[in-house]
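Student: Line by line, the protein sequences give chains A and B.
Quick note on numbering: the working numbering labels position 103 of the first sequence as 101, and the sequence is numbered without any gaps.
The number in the working numbering is simply the position in the second sequence, starting from 1, with 3 added.
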Amino acid sequence: MRWRTVVLAGALTLGSTACGTAAADPGVRTIHIRIHYSAFDPEMIAARPGETIRFVLENTDPIDHEFIVGDETVQLIHEEGTEAHHAPRPGEISVPAGETHVTTYTFPAGRGALIFGCHLPGHYDYGMRGTIQVR
Amino acid sequence: MRHPRRAIRSITVSALAAMFALIPAASAFACGGLVTPNGTVNLLRTTTLAAYHRGVEHYVTQFSFAGADATEVGSIVPLPGVPTDVIKGGDWTLQRLIIETELKRNDGLLLQAAALSSAEDATVLFETQIDALDITVLEGGSVAVGNWAREHGFFLPPDAPEVLEFYASRSPIFMAVRFNVERADDQGVQEAQGTPVHVVIPTPNPWVPLRILGLGRKAGEIVQADVYLLTDRRPATLPVAQRSNGDLSQPGIVQELSEPASASLMTDLRSDRGMKWMPNSGMWLTHLRINTPAEELTHDLAIDASGYDQPDPIAAGFVVPLPDPGVQPIVWATLATGVLLVLVGAAARRRVMSTQAI
């Protein structure tokens, strides 16, 4: 299952920039997402095709969370996956309890809707997800 | 105590086996969906006695061993105050209460508005062992207690942060309980074998936590529990329990029994371990049956047995307590501004009057 995750995630994030805690690039928009009570705030985000966004994930909860960007297939793969923790890669990052982490993601050139979600056990079903409109 | 309370009130009952399954992190943390057989919250019907007499709450519940394969399923119980003792519960108290109410059927719970929601470390008030159970009483805000649980190998479900805050805003005291598998094995504890625990909590304002029974459950999942109350007077509850229609599937909080405790029940309970605190007679027995979807269980049970019939909406979780004044500098700033304005106004008026006089 893991190789599928890696391959698909890699395919969907072609052209993405590296992620991590590097300082913001002035040409890159930063969006701050607060995680509180196992919910993302905001839950709706708009992006332009091909845009690179630096996501700053602030986890205020005493439990771990993660932030996975992708379409429904990506979300399904992670929901059924087995990775306890995500190494930082574009659009996929674990956010331990009480910590703030950064990931930078470049959206594909096409328009459409993507999802961001947390796939730790029970979290996605609990409603821990949001939508990114690429238009 | 930071909440003004009617001193007269000798309120009733209290904390119920509000427990939620906590699963060792090592087995449950996964990218997603990889929930081990023990990674799902699977609580059976819980039975609890919450008794209140002379300002002391006696809370008796049972923790059942889920087996070595299921490893250390644990629980956290919110408490209305700091316990003075946690001892092994009596061998037959809960069973005797069930017999009492079943026979009837066949015939015919110190608010501490702590608001400790900061991430400061939880304080371990004390630790004890009862048979194969490791018990830790903690004081701390929701984040601190959540951090403690996580750091001690528990897996908290996604609704835990909100539910812990719901409780910590009223009382920062929690009891974490888990089976020590090695000790259970040494002691020959069998799967599903229960260990009763008796918590003694002096408090002027006990309550029965219900919301936590829905923790980790899906919205429509039914929460079932039996709560027995023993109080000095007939209690009033908030929410008000419905009268039983005789159907065990009746939803909601259903009052199955409310009557003076029988002499035989009092005698039997008093003869059990740790139950000598009971008077010889004169207590009121109430049996409440909880049968509610988890999504509707967003409150607790406030009980007033003082005779005033005024169960506290804060104790029921319907009203959020005011934060500690100590953490509200804006109030002091507003007051200070008001005083300053009055002084300035008075000074200005004096100046005008003195000008007119000239």
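A virtual CB, placed ideally from N, CA and C, is assigned to each residue, including glycine.
Since this is a predicted model, take the numbers as computed values, not measurements.
Taking three-plus beta-carbon pairs below 8 angstroms as touching, is the region 281 to 301 of chain B in contact with the region 262 to 272 of chain B?
Tutor: yes
Student: Tell me ALA44 (chain A)'s beta-bridge partners as DSSP assigns them.
Tutor: Within the first sequence, residue 44 (chain A) is the residue found at index 46, counting from 1. Beta-bridge pairing links ALA44 (chain A) to A:GLN131.
Student: Between the region 210 to 222 of chain B and the region 293 to 307 of chain B, do at least 3 Cβ pairs fall closer than 8 angstroms?
Tutor: A contact exists between the region 210 to 222 of chain B and the region 293 to 307 of chain B.
Student: Under a three-way DSSP split, which group does THR301 (chain B) fall into?
Tutor: For the purposes of this step, residue 301 (chain B) is identified with residue 298 of the second sequence, where counting begins at 1. THR301 (chain B): coil per DSSP, three-state reduction.
Student: Within 9 angstroms (strictly less), CB to CB, does ARG98 (chain A) reach chain B?
Tutor: As a first step, residue 98 (chain A) must be located in the first sequence, where it is residue number 100. It should be pointed out that residue 98 (chain A) corresponds to Thr in this sequence rather than to Arg. Answer no: the Cβ-Cβ gap between THR98 (chain A) and chain B never drops below 9 angstroms.
Student: In the DSSP output, what is VAL146 (chain B) paired with across the bridge?
Tutor: Here residue 146 (chain B) corresponds to residue number 143 of the second sequence, with the count starting at 1. Bridge partners of VAL146 (chain B): none, in fact.
Student: Pick from B:LEU136, B:ASP250, B:GLU224, B:VAL243: whose alpha carbon is nearest that of LYS91 (chain B)?
Tutor: The sequence position of residue 91 (chain B) within the second sequence is 88, counting from 1. Out of B:LEU136, B:ASP250, B:GLU224, B:VAL243, B:LEU136 has the C-alpha closest to the C-alpha of LYS91 (chain B).
Student: Using DSSP's beta-bridge definition, name the partner residues of SER92 (chain A).
Tutor: Locating residue 92 (chain A) in the first sequence gives position 94, where the first residue counts as 1. According to DSSP, SER92 (chain A) shares a beta bridge with A:GLU64.
Student: For the ligand COA, is there any heavy atom lying closer than 8 angstroms to the beta carbon of ALA228 (chain B)?
Tutor: By its list of ligands, the structure shown contains no ligand whatsoever, and the ligand COA lies outside what it can speak to.
Student: Is ALA95 (chain A) close to chain B? Criterion is C-beta to C-beta, closer than 9 angstroms.
Tutor: Taking the first residue of the first sequence as position 1, residue 95 (chain A) is located at position 97. Yes, ALA95 (chain A) counts as interfacial toward chain B.
Student: Verify whether the separation of the beta carbon atoms of ILE215 (chain B) and VAL80 (chain B) is less than 9 angstroms.
Tutor: Working through the second sequence from its first residue, we reach residue 215 (chain B) at position 212. Working through the second sequence from its first residue, we reach residue 80 (chain B) at position 77. Closer than 9 angstroms, so yes.
Student: For ASN294 (chain B), write down the residues that DSSP places opposite it in a beta bridge.
Tutor: To locate residue 294 (chain B), count along the second sequence from 1; it is residue 291. According to DSSP, ASN294 (chain B) bridges with B:GLN227, B:GLY255.
Student: So, with DSSP's three-state summary, where would you put TRP280 (chain B)?
Tutor: Start at 1 with the first residue of the second sequence, and residue 280 (chain B) comes out as number 277. TRP280 (chain B): coil per DSSP, three-state reduction.
Student: Can you look up SER267 (chain B) in the DSSP assignment and give me helix, strand or coil?
Tutor: On the second sequence, position 264 is the one that residue 267 (chain B) refers to. Three-state DSSP puts SER267 (chain B) in a helix.
Student: Going by CA-CA distance only, name the one from A:GLY25, A:GLN131, A:GLU81 that's closest to HIS117 (chain A).
Tutor: On the first sequence, residue 117 (chain A) is found 119 positions in, with the first residue counted as 1. Nearest C-alpha to HIS117 (chain A): A:GLU81.
Student: Return the CA-CA distance between ALA147 (chain B) and PRO60 (chain A), expressed in angstroms with no decimal places.
Tutor: Stepping through the second sequence from its first residue, residue 147 (chain B) is reached at position 144. Stepping through the first sequence from its first residue, residue 60 (chain A) is reached at position 62. About 7 angstroms.
Student: Give the range of the alpha helix (DSSP H) segment to which ASP188 (chain B) is assigned.
Tutor: The residue labelled residue 188 (chain B) in the question sits at position 185 within the second sequence. Segment 184 to 189, the alpha helix (DSSP H) holding ASP188 (chain B).
Student: Per the DSSP calculation, ASP39 (chain A) is bridged to which residue(s)?
Tutor: Counting from one through the first sequence, the residue named residue 39 (chain A) turns up at place 41. According to DSSP, which records beta bridges pairwise, ASP39 (chain A) is partnered with A:ARG32.
Student: Relative to the C-alpha of ILE75 (chain A), which candidate in A:GLU90, A:THR129, A:PRO86 has its C-alpha closest?
Tutor: Against the first sequence, residue 75 (chain A) aligns to sequence position 77. Checking every option, the nearest Cα to that of ILE75 (chain A) belongs to A:GLU90.
Student: Could you tell me which residues DSSP pairs with GLY93 (chain B) in its beta bridges?
Tutor: As a working note, residue 93 (chain B) is residue 90 in the second sequence. Answer is none; GLY93 (chain B) lacks a bridge partner.
Student: Between the alpha carbons of ARG127 (chain A) and GLU154 (chain B), how many angstroms are there, rounded?
Tutor: As a working note, residue 127 (chain A) is residue 129 in the first sequence. As a working note, residue 154 (chain B) is residue 151 in the second sequence. Spanning the two alpha carbons is a distance of roughly 26 angstroms.
Student: Could you name the residues of the region 164 to 192 of chain B whose beta carbon sits closer than 7 angstroms to any beta carbon of chain A, in the order they occur along the chain?
Tutor: PRO164, GLU165
Student: Might you give, ordered along the chain, the residues of its own chain that have their beta carbon closer than 7 angstroms to the beta carbon of GLY149 (chain B), omitting 5 neighbours on each side?
Tutor: Stepping through the second sequence from its first residue, residue 149 (chain B) is reached at position 146. LEU159, ALA163, PRO164, LEU167, listed in sequence order.
Student: Looking only at its chain, what residues have a beta carbon closer than 7 angstroms to the beta carbon of MET278 (chain B), apart from the 5 residues adjacent to it on each side?
Tutor: The residue given as residue 278 (chain B) occupies position 275 in the second sequence. GLY93, THR96, LEU272, listed in sequence order.
Student: Nearest CA to the CA of ARG123 (chain A): which residue from A:GLY25, A:ASP39, A:GLN73, A:PRO40?
Tutor: One-based indexing of the first sequence puts residue 123 (chain A) at position 125. Contrary to the premise, residue 123 (chain A) reads as Asp rather than Arg in this sequence. Closest option to ASP123 (chain A), Cα to Cα, is A:GLN73.
Student: At a Cβ cut of 9 angstroms, what residues of the region 194 to 226 of chain B count as close to chain A, listed as they run along the chain?
Tutor: GLY219, LYS221
Student: Does the distance from the CB of ALA107 (chain A) to the CB of GLY48 (chain A) come in under 9 angstroms?
Tutor: Your numbering for residue 107 (chain A) matches position 109 in the first sequence. Your numbering for residue 48 (chain A) matches position 50 in the first sequence. Yes, the pair counts as a contact, with Cβ atoms nearer than the cut-off.
Student: Given this structure, state the Cα-to-Cα distance separating ALA37 (chain A) from PHE114 (chain A), to the nearest angstrom.
Tutor: As a working mapping, residue 37 (chain A) is identified with position 39 in the first sequence. As a working mapping, residue 114 (chain A) is identified with position 116 in the first sequence. Approximately 11 angstroms, taken between the alpha carbons.
Student: For MET126 (chain A), which residues in chain B fall below 7 angstroms Cβ to Cβ?
Tutor: Against the first sequence, residue 126 (chain A) aligns to sequence position 128. Ordered by position in chain B, the residues that pass the 7 angstroms Cβ test against MET126 (chain A) are PRO161.
Student: For the region 179 to 192 of chain B against the region 93 to 111 of chain A, do three or more pairs of beta-carbon atoms, one drawn from each stretch, fall closer than 8 angstroms, so that the two count as touching?
Tutor: Touching, no.
Student: Check whether chain B comes within 9 angstroms of GLY68 (chain A), counting only Cβ atoms and requiring the distance to be less than that.
Tutor: Here residue 68 (chain A) corresponds to residue number 70 of the first sequence, with the count starting at 1. It does not: the Cβ of GLY68 (chain A) has no partner Cβ on chain B nearer than 9 angstroms.
Student: For THR39 (chain B), name the three-state secondary structure that DSSP assigns.
Tutor: Walking along the second sequence from the start, residue 39 (chain B) turns up at place 36. Note that THR39 (chain B) has pLDDT 27, beneath the 50 cutoff, so the model's placement of it is unreliable and the number below is only indicative. If DSSP states are grouped into helix, strand and coil, THR39 (chain B) belongs with coil.
Student: Buried or exposed: where does ASP62 (chain A) fall if 16 or more other Cβ atoms within 10 Å of its Cβ makes it buried?
Tutor: Start at 1 with the first residue of the first sequence, and residue 62 (chain A) comes out as number 64. Under this definition ASP62 (chain A) is a buried residue.
Student: Tell me, please, whether the region 289 to 297 of chain B touches the region 241 to 261 of chain B by the rule of three or more beta-carbon pairs shorter than 8 angstroms.
Tutor: Yes, the region 289 to 297 of chain B is in contact with the region 241 to 261 of chain B.
Student: For PRO316 (chain B), which residues in the same chain have their Cβ closer than 8 angstroms to its Cβ, ignoring the five residues on either side in sequence?
Tutor: What you label residue 316 (chain B) is simply residue 313 of the second sequence in a count that begins at 1. The answer, listed in chain order, is LEU241, ALA305, VAL322.
Student: Residue range of the alpha helix (DSSP H) that ALA318 (chain B) falls in?
Tutor: The residue given as residue 318 (chain B) occupies position 315 in the second sequence. Here ALA318 (chain B) belongs to no alpha helix (DSSP H), and DSSP marks it neither H nor E.
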